[in-house]
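Residues in the sequence shown are numbered from 0 upward in steps of one, following numbering that gives the first Met the number 0. Structure, as structure tokens:
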Amino acid sequence: MIEVGSFVRPKAVPQMADTDEVVRRMKRVDGVEYRVLVMNLRGLERAKAAGITKAKLTASASRAHSLANINKTPEEVVRGFSECAEFAAANGIELSGAISTAFGCSMEGRVSLEQVLSVISCFREIGVKELSLSDTTGMANPDQVYEYSIKVKKQFPDVNWFLHFHNTRGMGLANVIAGMMAGIDRYDACFAGLGGCPFAPGASGNIATEDLIHMCHEMGIQTGYDLDAVLSIGRSIQQMIGHDTASFILKAGKCSDIVYSPKEKKN
């Protein structure tokens with residue numbers, strides 16, 4: 000699955016102002032699922048017009064964050080997506096959901112599991128069966144990730160679960176391991192570690208795709224991805240933006256590239 004961009008208000012997120020054009024010009028590959036982020040019915044209508052058949056709705060799990068930004072509780076936000084659910088069902092669009100600030104919020108600190116479960120229940124009420132717990136602020140830790148993942152899988156076994164981590168405080172890949180130990184095997188990542196939420200103070204990019212794949216391969220976990228091809232894409236991205244990014248493997252290279260003979264070590 001590739002998340003192409005967001006159909007949101009350009010004034011709010013100017014970086015995504017050209018998503019329509021990106022979708023129009025991209026070369027689609029059979030077997031690849033393309034998804035966009037939308038915030039309301041207008042965004043979903045734009046997605047349909049662009050020929051996108053999967054969209055992600057997002058709501059904050061943090062009550063303080065949700066009330067401060069849109070003056071609605073998280074539950075009110077999700078229930079307000081009911082018209083999106085009706086439009087999607089009528090137009091053959093699959094919906095997924097993202098629960099942002101699912102682990103912590105800069106306004107209220109740690110977000111309780113009970114609050115996360117409440118938002119999940121609201122998404123299920125409108126028929127969404129694919130959900131992501133998103134560490135928007137980079138405040139999650141492995142112990143918390145394991146606890147939350149175990150609980151949501153047990154309480155909502157019919158949901159397809161994703162985890163979404165930022166590496167703001169250096170715990171992104173450790174959080175992935177915790178999620179894997181809890182039985183979740185789908186993760187969001189971004190080439191070269193780009194990304195980041197403009198509304199989260201100090202937020203860094205997503206965990207880097209190449210870092211995640213490299214870690215899995217070193218652990219003997221087959222991903223189905225060609226790491227060398229992924230690294231090539233990451234390097235191209237750095238060239239496009241003109242500076243280094245938060246990708247460890249692009250800086251240090253693969254472990255398998257660092258092989259010394261006994262003679263070389265001696266010298």
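Cβ atoms here follow ideal geometry from the backbone N, Cα and C, with glycine treated the same way.
Cβ-based burial, residue i [other Cβ within 10 Å; buried from 16]
i	result
M38	buried
M180	exposed
P73	buried
I51	buried
A89	exposed
K10	exposed
H213	buried
G108	exposed
E209	buried
V28	exposed
N159	exposed
D256	exposed
M138	buried
A228	exposed
I183	buried
V22	buried
I240	exposed
G219	exposed
N70	exposed
N68	exposed
I1	exposed
Cβ separation of residue i and residue j, assumed to be a contact under 8 Å, to the nearest whole Å
i	j	result
G42	F6	4 Å
V127	S95	7 Å
K300	L226	Within the shown structure, residues of the chain are numbered from 0 to 266, placing residue 300 beyond reach of any answer.
V144	A177	4 Å
K53	I98	K53 to I98, Cβ: 17 Å. No contact.
M170	N140	6 Å
C104	L40	C104 to L40, Cβ: 26 Å. No contact.
M106	H165	No, M106 and H165 are not in contact; Cβ-Cβ is about 17 Å, not under 8 Å.
V3	R34	7 Å
H163	D134	6 Å
V110	A60	5 Å
C121	R78	6 Å
F269	I248	Given that the chain is displayed from residue 0 to residue 266, the structure contains no residue 269 and the question cannot be resolved.
L172	I236	19 Å between Cβ atoms; not a contact.
Sheet register partners of residue i (DSSP bridge)
i	result
R34	E2
K53	E93
H163	S133 and D187
I291	Summary: the structure shown does not reach residue 291, with the chain confined to residues 0 through 266, and so no result is reported for it.
Reduced DSSP secondary structure (H/G/I, E/B, other) of residue i
i	result
F86	helix
M180	helix
P9	coil
M170	coil
I257	coil
N39	coil
K26	coil
R70	Correcting the residue identity first, residue 70 is Asn in this sequence and not Arg. The answer is coil: DSSP assigns N70 none of H, G, I, E or B.
A46	helix
D17	coil
- Task: Within the stretch 184-255, note down every full alpha helix (DSSP H) run reaching 4 residues or more, in order along the chain.
- Result: Taking only runs of at least 4 residues, the alpha helix (DSSP H) segments lying wholly in the stretch 184-255 are 208-217, 226-240 and 247-251.
- Task: Quick one: which unbroken beta strand (DSSP E) runs of 3-plus residues sit fully inside the stretch 100-160? Chain order, please.
- Result: With a minimum length of 3 residues, the continuous beta strand (DSSP E) runs that stay inside the stretch 100-160 are 129-134.
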